[in-house]
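One structure is given here, and the rest of the page talks about it.
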Amino acid sequence: MNVRGPVVEARDARTVETSRGTSELAEVLVRPERGAGDPVQVTLWGKWTETADLLEAGMELLVTDVEKGEFRGETQYATTGESAVVVEPDFLVDVTDIRGWVQCPRIYYLNKLSGVPLKYPVVKGTVVHEVFDDLLRGRDLAQSIDERVAEAALDIGLLGETADAVAEDVRQNAAAIQGWLQQGALGETDSWRSEQTLLSERFGIKGRADAVRRGTPVELKTGKNTSRDPRFQDKVQAACYALLLADDVAEAPDTGTLLYTKNTALDRSEASGDLSPAKDFSIGPGFLQFVLRQRNEIAAAEYDLTVPTGYEADAKCEYCFEQDTCMVVAGRLDQESKAGQIGEPLPDEERAYFERFYRAIEAERREVHAEYRKLWEQSAAERADDDRALIDLEPLGREGVSGGRWRLSARRTSDAVSKIREGDRVLASDGHPTRGTAELATVESLGEEVVVVADEPLDLRRVDVYPSEIGVDRRLSGLHDAVLRGDPDRKDVLFGRRDPAFDGDERTYIDNNAAQNEAVNRAVTAEDFALVHGPPGTGKTYTLARTVRALVEDGERVLLSAFTNRAVDNAIEALEEQGFTDVVRWGSESGVREDMQEYRLERSGDPEERAGALREARVIAATTAACGSRALKAQSFDVAVVDEAGQLTEPGTFLAANLADRFVLVGDHEQLPPVVRAENDLQESLFERLIETYPDAGVMLDRQYRMSQRVQYFSSREFYDGALRPASGEVAARRLADLPGVDADVLPPELRDPVSFVDPDGTATGNSNPAEADRVAEIVAAYREAGVDADDIGVIAPFRAQVAEISRRLPDVAVDTVDRFQGSAKEVIVVSFVATGDLDSPIFEDHRRVNVALTRAKRALALVGDEGALRSVPFYERMLEWAARPER
DNA sequence: GCTCTGCGCAGAGGA
2 MNVRGPVVEA
12 RDARTVETSR
22 GTSELAEVLV
32 RPERGAGDPV
42 QVTLWGKWTE
52 TADLLEAGME
62 LLVTDVEKGE
72 FRGETQYATT
82 GESAVVVEPD
92 FLVDVTDIRG
102 WVQCPRIYYL
112 NKLSGVPLKY
122 PVVKGTVVHE
132 VFDDLLRGRD
142 LAQSIDERVA
152 EAALDIGLLG
162 ETADAVAEDV
172 RQNAAAIQGW
182 LQQGALGETD
192 SWRSEQTLLS
202 ERFGIKGRAD
212 AVRRGTPVEL
222 KTGKNTSRDP
232 RFQDKVQAAC
242 YALLLADDVA
252 EAPDTGTLLY
262 TKNTALDRSE
272 ASGDLSPAKD
282 FSIGPGFLQF
292 VLRQRNEIAA
302 AEYDLTVPTG
312 YEADAKCEYC
322 FEQDTCMVVA
332 GRLDQESKAG
342 QIGEPLPDEE
352 RAYFERFYRA
362 IEAERREVHA
372 EYRKLWEQSA
382 AERADDDRAL
392 IDLEPLGREG
402 VSGGRWRLSA
412 RRTSDAVSKI
422 REGDRVLASD
432 GHPTRGTAEL
442 ATVESLGEEV
452 VVVADEPLDL
462 RRVDVYPSEI
472 GVDRRLSGLH
482 DAVLRGDPDR
492 KDVLFGRRDP
502 AFDGDERTYI
512 DNNAAQNEAV
522 NRAVTAEDFA
532 LVHGPPGTGK
542 TYTLARTVRA
552 LVEDGERVLL
562 SAFTNRAVDN
572 AIEALEEQGF
582 TDVVRWGSES
592 GVREDMQEYR
602 LERSGDPEER
612 AGALREARVI
622 AATTAACGSR
632 ALKAQSFDVA
642 VVDEAGQLTE
652 PGTFLAANLA
662 DRFVLVGDHE
672 QLPPVVRAEN
682 DLQESLFERL
692 IETYPDAGVM
702 LDRQYRMSQR
712 VQYFSSREFY
722 DGALRPASGE
732 VAARRLADLP
742 GVDADVLPPE
752 LRDPVSFVDP
762 DGTATGNSNP
772 AEADRVAEIV
782 AAYREAGVDA
792 DDIGVIAPFR
802 AQVAEISRRL
812 PDVAVDTVDR
822 FQGSAKEVIV
832 VSFVATGDLD
842 SPIFEDHRRV
852 NVALTRAKRA
862 LALVGDEGAL
872 RSVPFYERML
882 EWAARPER
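Using this note's numbering, the first residue of the first sequence is number 2, and each one after it goes up by one.
So, in C-alpha cells, the structure goes:
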C-alpha cells in the first residue's frame, strides 16, 4: 500500500539501535487523501533519510509499498525494502536531466538556461541514433546512412562539414552496432522496441529509451569511453529507463546495456580483450533507489527554485566543459558556485528581472506538467467530456509508410469537441495512454476518420494531447540570452536607463496615409527599436511589409517574425502583393500554409547548398518560437520585424529580438494578450510595456479601412480613446445594401440597423446555449435571405462547445472562437455570448477578446445574448447601449 | 469554470 499527501512536518534524521544493528531513520508527517485526512506518520529508513532531508512542509510526498504498524493506538507507516519515496511526484523529471544532475547539478541548471548548441558531435550522434533505429527496423544500412545524413544536411552544412565525411564517420559507428546485432546470442529470438516514449506516474520521470531488448534498456552512446566500465551517468540514464519500464522497483529489469559505438577500433588497437562495444551491467534495487533519490533532489530544488551550487554532488570542475559558462553565469547573477565566478555582476534591476521571469517561466512549466498528470489521472469514462482526448475510437486499420512508420486510422463514435488539431503531437493508444500500449504519433487528419502516423503499429482507440515543454524551454533561453548575453546598450533602453534613439531623414514611403508613413520612418531610423500600434483594419500588415522592403532596400538583413504561423504567412503574402518575393520561410511543413510552401527552406539535401540558402537569405521569416531553434540562433540580422507583438510574452519577444541589432514591434495590446497558463509576469507583452514607457517610440495607425462608422464606434471609444477613425468617407458609410445582390429591406426589423442586439431568451447549459444557437442560425438565414453570401458571414462564440453547437446548424458558414478569427474580417459578424442569468463567469475572459470579436465586422454586426446577464457588467451595458442607439 | 499557439518529439556529446 502507498501513502501520499502533502508533508506537514519532516523531523531530523536520527540514528537508532535495532535488533539488526544501527540504523538511520527520519519521521515525516503526511496528510493523506489529497491533503484532506488526518496527518499520519511515515518513517523513512536508511538511505531514504537523504530524501527526508530535502522535505519541506507543503511538498507532496509519495511513499510506496509501506508497512503498516501501530504505536500507542496510532496507525503509523514505514518504508520496506520494496518502497520508493518520491518527492513532488507530479513534477515530471526528464531522464536526461537526471543524467545531467548526476554529472553536476550546475550542468543541469546551465542546460536548462541555454540548451544544447550546434556542435558536430551532437549532430553526428543524432544521425547515428537514427541509423541505429533504422537497423532495428530491418532497413538497409547504406540506404539508411545516405538518407539520414541527407536529412541532417542543414546542420551539417552550418558546421562546415561535408556529407561524405559525416557518412564515413557514421558508417564506422554503425559497424559497431551491426557487429553487435549479428552476435549469435542476440539473434532472432530477441524482441525489440526502439525509441519508446515512457512516462511514470509513480516515479515522476519521463523519457525516451533508445531501445528495449527483451524488456531491458539499451542505451546507445557515440562518444568516447576510454575506460573499461560504462560511464556512471550513462548507467544512471539506463537505470532510469529500467524504472520507467517496470513502474515498480521490485519488478524493474535487473540489467542494462550500454553500446559505445566508438569503442571497437579503440579496443582493438589497445588489444584490451574486450572487443565488444556493448557493456552489460547489472541494475540492483540499491542503484534504482539511488537514481530515484537523485530525481528527488531535482524535484525538491525545483519546488522552491533553488539554484544549484555544485556542492550538492561530487562535481569536479577541472575537466568540466561547462566550467567557463558556469563561472560566467555565476558571476553575472552573483550565484554561489563551486567553479567560482568571473566578471561583474549584473545591475540589481537586471538580476531582479531575470529572477522574476525565471520564476514565471517555471510556473508555466508546472502547468505543462499538470497536463501530463491529466493523461493518467482520469478514467476513460471521465475523459469523455475532457477536450484533451479523442476516446472510444473504432480502429479501421494500419498501413506501413516510409521510414518503417505506420499510418493508423480509426472512426469516431461521437462528435465530442476536442482541442486536438492536425499536425499535433499526440499519444496514440489502444485504450489508455499510460496503462495500455501507447506510441507518440503525429495527427495527419481529423475528419470523420482520425489518422495518425506512429513508429509502431497499434489498434487506434484513443488519442491524447501530448504536452511539450519546448515552449517553456525556448522562452527560458530567450530570457537567458537577452539578460545574460544581451548587448549592454540595448539593455540600457530596456531597463529604462536611456531613451531609445532615432537617426535619419524623413522619407516618403507611403503617400496616402500619414500614420503609416510615419511608422515606416520610425522603423527605418530606429537605432534601438520602434513600435507600431495597429488597431483593427488599419493596414498593419501592409505597413509591416513596406517596412521590410524599405529595410532591404537600405541593404539590411531582416528577420521577419510573429507569434503564429498564420501571421508569418500573412506577412509574406503582403510582401508578395508588393512584388517582393526574396524570402526564406523557416518552419515545419505542417505549420506553413499550403501556398507558402514554395518559400519554405527544405532542410535535407546537400549540406553546403542548404546552409548557403539560409546564410544568404536577405529576409528570413519564422515564428518567434522557431527563432529559438539551433539553426536560427546561429544566424544574425540587422533588424527583427515582429508582428502580433501584443500576443508575445517578454521572453518570447526576445527570441526574435536577440538575433538582431535593432527591432520593430508591430501589434495591438488592445487585442489578444499572450497565451499564458499560470497567472504571472508573462501576461503583459514587451510591446505593451515599451509603449507605456516610451510612447514617443511608437506610432499608432489611426485610419481603419474595414468597419463602417457605426460598427467601429464602440471599439474606438472603449479601446482607442476615440482616436481610431474610418480612413475615408466611403469606409465610414459602408452599408450592407451596397453589396451586390443584397436587399437590406428584406431583413427583419431587429436586424435593420448595422449594429443590432437580439435576446433569444435561451438558457446556458455549461458552455453552450442551444436556444441561442437556434436564434443565431435564424439570424444567419435572414441575412442569407437578404442576399448576403455565406462566405461573407462569420459567427463568433466564446466557447468551443457553443461553436460546435452552432456549426451543426450552419455547415456552410465560418463559425469559430475569437482567437481563431483574429486577423480576418467578414461583411457580417454574429456574436453569440452564451451566458444567461448573471455573469459570475466571464464570457470573453478579457474585454480585449470582445474588441477582437466586434471589430471583425465590416458592415453589420448582430449581438446575440441574454440582456439581463450582459447588463450586470458595465462594459457590456455600454455595449448594449451602443447597439440600441442607431445614431452612433 | 474558458479560450489559445508554438515547438523536428527528446536527446544527440565534448576530456
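Glycine is no exception: its CB is placed at the ideal position from the N, C-alpha and C atoms.
query	result
Taking the straight line between their C-alpha atoms, what separation do you get for G208 and M708?	52 Å
Would A854 and V832 be called neighbours here (beta carbons separated by less than 8 Å)?	yes
Do you know offhand how far F355's Cα is from L649's?	17 Å
Along the chain, where does the alpha helix (DSSP H) that runs through V781 open and close?	771 to 786
Would you call D268 buried or exposed, if buried means 16 or more other Cβ atoms sit within 10 Å of its Cβ?	Confidence at D268 is low in this model, with a pLDDT of 49, below 50, so its placement is unreliable and no value can be given for it.
Out of curiosity, what's the CA-to-CA distance linking R601 and A614?	11 Å
Beta-carbon separation of I284 and I99 under 8 Å?	no
M328 lies in the alpha helix (DSSP H); which residues open and close that run?	324 to 333
Is Q710 near P537, with beta carbons less than 8 Å apart?	no
Give the secondary structure of R32 by DSSP, where H, G and I count as helix, E and B as strand, and everything else as coil.	coil
Find the nearest neighbour of A657 within the set D596, E868, R476, V553, judged by alpha-carbon distance.	R476
Run through DSSP, which three-state label would E356 get?	helix
Within its chain, find whatever has a CB closer than 8 Å to the CB of E423; leave out the 5 residues flanking it on each side and keep chain order.	V444, E445, S446, L447, S591
Across which residues does DSSP place W46 in a beta bridge pair?	L26
Would you call G139 buried or exposed, if buried means 16 or more other Cβ atoms sit within 10 Å of its Cβ?	exposed
For A698, which of helix, strand or coil comes out of DSSP?	helix
Have a look at S273 and A11 and give me their C-alpha separation to the nearest angstrom.	Bear in mind that a pLDDT of 49 at S273, under 50, signals an unreliable position, so the number given afterwards is only what the model happens to contain. Using only the alpha carbons, I get a separation of about 51 Å.
Any contact between the region 557 to 571 and the region 637 to 655? By contact I mean 3 or more CB pairs, one from each, below 8 Å.	yes
Can you give me the start and stop residues for the alpha helix (DSSP H) that L55 sits inside?	No alpha helix (DSSP H) contains L55, which DSSP labels as neither H nor E.
Quick one: measure Cβ to Cβ for Q517 and L702, integer angstroms, because I've assumed they're closer than 8 Å.	6 Å
Which class does P7 belong to by DSSP, given the choice of helix, strand or coil?	strand
First and last residue of the alpha helix (DSSP H) that includes W181?	164 to 183
Look up G70 in the DSSP assignment and give the residues it is bridged to.	Q77
Rounded to the nearest angstrom, how far is the Cβ of P346 from that of D335, given a contact under 8 Å?	4 Å
Whole angstroms are fine: how far does the CA of T435 sit from the CA of H534?	47 Å
Between the region 194 to 202 and the region 140 to 154, do at least 3 Cβ pairs fall closer than 8 Å?	no
Tell me, to the nearest whole angstrom, how far the beta carbon of A861 is from that of E828; I am working on the premise that it is less than 8 Å.	7 Å
Would you tell me roughly how many angstroms separate the C-alpha atoms of A177 and Y373, rounded to the nearest one?	37 Å
On a CA-only basis, which of L159, L160, A166 is nearest I146? Give me that one, please.	A166
What's the gap between the Cα of F204 and the Cα of W193?	24 Å
Taking all protein chains shown into account, do 16 or more other C-beta atoms lie within 10 angstroms of the C-beta of E878, making it buried, or fewer, making it exposed?	exposed
Where DSSP assigns a beta bridge to K222, which residues make up the other side?	Y261
Secondary structure at K317, three-state DSSP: helix, strand or coil?	coil
Does the Cβ-Cβ distance between T80 and T44 come in under 8 Å?	yes
Comparing C-alpha positions only, which one of Y721, E689, Q144 sits nearest to L495?	E689
State the CB to CB distance for the pair V804 and V816, rounded to an integer number of angstroms; the pair is presumed to be in contact (CB under 8 Å).	5 Å
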